[in-house]
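This report concerns only the one structure given below.
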Amino acid sequence: MPELPDVEIFKRYLSSTALHKTIQSVEIHSTDMLKGVSARAIEKALKGDQLLSARRHGKYLFVKTAKKNKWLVLHFGMTGFLKYFKRQARIPPHERLLIAFSNGYHLAYDCQRKLGEIGLIDAPEVLIEEKELGPDALEPGFNRERFMKTFKNSRSAIKSALMNQKYVAGIGNIYSDEILFQAGIYPGTRSSELDENNMERLYFQMDRVLKTAIESRADPERLPATFVIPHRHSDGVCPKCKGEIAKCKIGGRTAYYCPQCQKG
DNA sequence: CCTATAGCCTGACGGC
DNA sequence: TGCCGTCAGGCTATAG
Numbered sequence: 660m661p662e663l664p665d666v667e668i669f670k671r672y673l674s675s676t677a678l679h680k681t682i683q684s685v686e687i688h689s690t691d692m693l694k695g696v697s698a699r700a701i702e703k704a705l706k707g708d709q710l711l712s713a714r715r716h717g718k719y720l721f722v723k724t725a726k727k728n729k730w731l732v733l734h735f736g737m738t739g740f741l742k743y744f745k746r747q748a749r750i751p752p753h754e755r756l757l758i759a760f761s762n763g764y765h766l767a768y769d770c771q772r773k774l775g776e777i778g779l780i781d782a783p784e785v786l787i788e789e790k791e792l793g794p795d796a797l798e799p800g801f802n803r804e805r806f807m808k809t810f811k812n813s814r815s816a817i818k819s820a821l822m823n824q825k826y827v828a829g830i831g832n833i834y835s836d837e838i839l840f841q842a843g844i845y846p847g848t849r850s851s852e853l854d855e856n857n858m859e860r861l862y863f864q865m866d867r868v869l870k871t872a873i874e875s876r877a878d879p880e881r882l883p884a885t886f887v888i889p890h891r892h893s894d895g896v897c898p899k900c901k902g903e904i905a906k907c908k909i910g911g912r913t914a915y916y917c918p919q920c921q922k923g
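According to the working numbering, the residues represented by the first sequence are 660 to 923, in order.
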């Protein structure tokens, strides 16, 4: 689930629940998910402090602490999410990090498959540079010109290029399918072979799809009826032409597309 | 340099 | 029912 729109919703969720509350305790139950930091160091950085603000870049969430000026890093892998709750009975099943606040509430980071990551850094820029992340797909500076320049230079399938976090950060398997569907482009088309028209449509749809998904709270059931995401399964029907949705492998990932509406 | 592929980790599901 | 293979919306390391 967690691509740009999902993580943006997590950010808003955390911002409206867990900020400005004194942290009473921190428990890390899966130390194997820690990257370059010890459980003790995270505990030390958070305990007694408060969470001040949250920021997102691509699929990464950064949460700033008030006093010590550190940033907690959360990446959600394929199965991560956040939950803010009071009663112990509501604790999610694969909780890996648990922050308890002095008001009796808790913030849990749940990640069933442990493909996510928990970290602690001095500034988001450090991680962005280290991972060589491209610009966030929705940042204003990533305009049409930069988009075209980026994708002109890649010879991989456009779907793979869109998902390459070094080119642009935030797009994964699901939303790359949606963006390509909306732009009417076959996912296996070589990125460098897209003409100006296709490039322009792709950029426009990238922006529109991601923003629409955020407005829909990244909830498939709230997406517009013209979106293909709810039909990404065998027997899926194209919301535009009512033809059958097809599936194939591109760059090792399953791509769903409409053979009628998306031409090479 | 660039692109493609296996592997990491866990759980759900379908077929035998 | 039980077992096994496959697959899942992430990224990284390595091979070609």
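Backbone N, C-alpha and C define an ideal beta-carbon position, used for all residues, glycine too.
Just so it is clear, the structure is predicted and the values come from calculations on it, not from any experiment.
Tell me, to the nearest whole angstrom, how far the beta carbon of residue i is from that of residue j; I am working on the premise that it is less than 8 angstroms.
i       : j       : result
Gly-717 : Leu-792 : 6 angstroms
Glu-702 : Val-685 : 5 angstroms
Lys-742 : Ala-767 : 5 angstroms
Lys-670 : Leu-705 : With 8 angstroms as the limit, Lys-670 and Leu-705 do not qualify as a contact, their Cβ atoms being about 18 angstroms apart.
Ala-725 : Gln-709 : 4 angstroms
Gly-895 : Gln-919 : Gly-895 to Gln-919, Cβ: 13 angstroms. No contact.
With distances taken Cα to Cα, identify the nearest neighbour of residue i among the options.
i       : options                               : result
Leu-882 : Pro-752, Glu-837 and Val-685          : Glu-837
Met-737 : Leu-705, Arg-772 and Lys-745          : Arg-772
Glu-930 : Ala-796, Thr-681 and Ile-750          : Nothing can be reported for residue 930: it is not among the residues displayed for the chain, which extend from 660 to 923.
Pro-898 : Pro-794, Phe-840, Leu-711 and Leu-821 : Phe-840
Ala-677 : Leu-757, Glu-784, Arg-876 and Asn-802 : Leu-757
Arg-805 : Leu-710, His-753, Tyr-826 and Arg-867 : Tyr-826
Ala-816 : Arg-671, Leu-693 and Gly-923          : Gly-923
Asn-856 : Cys-900, Gly-895, Met-807 and Lys-901 : Met-807
Tyr-845 : Arg-746, Thr-690, Phe-735 and Tyr-915 : Tyr-915
Arg-749 : Asp-769, Phe-721, Ala-725 and Val-868 : Asp-769
Ile-777 : Thr-724, Arg-876 and Asp-691          : Asp-691
Ile-787 : Ala-828, Asn-823 and Glu-880          : Ala-828
Thr-848 : Ala-905, Gln-921 and Asn-832          : Gln-921
Phe-744 : Pro-664, Ser-675 and Ile-904          : Ser-675
Asp-665 : Ile-904, Cys-917 and Pro-879          : Pro-879
Given this structure, state the Cα-to-Cα distance separating residue i from residue j, to the nearest angstrom.
i       : j       : result
Arg-912 : Lys-818 : 9 angstroms
Leu-853 : Pro-751 : 44 angstroms
Arg-715 : Glu-784 : 11 angstroms
Lys-679 : Glu-798 : For clarity, residue 679 is His in the given sequence; the question names Lys instead. So the alpha carbons of these two residues sit roughly 27 angstroms apart.
Gly-843 : Lys-727 : 49 angstroms
Leu-711 : Gly-739 : 22 angstroms
Glu-754 : Ile-687 : 9 angstroms
Glu-789 : Val-868 : 28 angstroms
Cys-907 : Asn-802 : 30 angstroms
Gly-800 : Asn-823 : 18 angstroms
Ser-875 : Val-887 : 14 angstroms
Lys-870 : Ile-830 : 12 angstroms
Ser-689 : Leu-673 : 21 angstroms
Cys-900 : Leu-693 : 47 angstroms
Lys-729 : Ile-682 : 14 angstroms
Cys-917 : Ile-904 : 5 angstroms
Asn-832 : Ala-877 : 14 angstroms
Does the distance from the C-beta atom of residue i to that of residue j stay below 8 angstroms?
i       : j       : result
Ser-850 : Ala-884 : no
Tyr-834 : Ala-872 : yes
His-734 : Gly-775 : yes
Val-722 : Ile-780 : no
Is residue i near the ligand MG, in the sense that its beta carbon is under 7 angstroms from a heavy atom of that ligand?
i       : result
Ile-838 : Of the ligands one can find in the structure shown there are none, so the ligand MG has no counterpart to examine.
Would you call the segment 884-895 in contact with the segment 849-865, where contact means no fewer than 3 C-beta pairs closer than 8 angstroms?
The segment 884-895 vs the segment 849-865: no contact.
Tell me whether the segment 806-818 and the segment 753-767 touch, counting them as touching only if at least three CB pairs, one residue from each stretch, are closer than 8 angstroms.
In this structure the segment 806-818 does not touch the segment 753-767; the number of beta carbon pairs closer than 8 angstroms is below three.
For the segment 861-875 and the segment 682-697, state whether three or more C-beta atom pairs, one from each stretch, are separated by less than 8 angstroms.
Contact fails: fewer than three Cβ-Cβ distances are below 8 angstroms.
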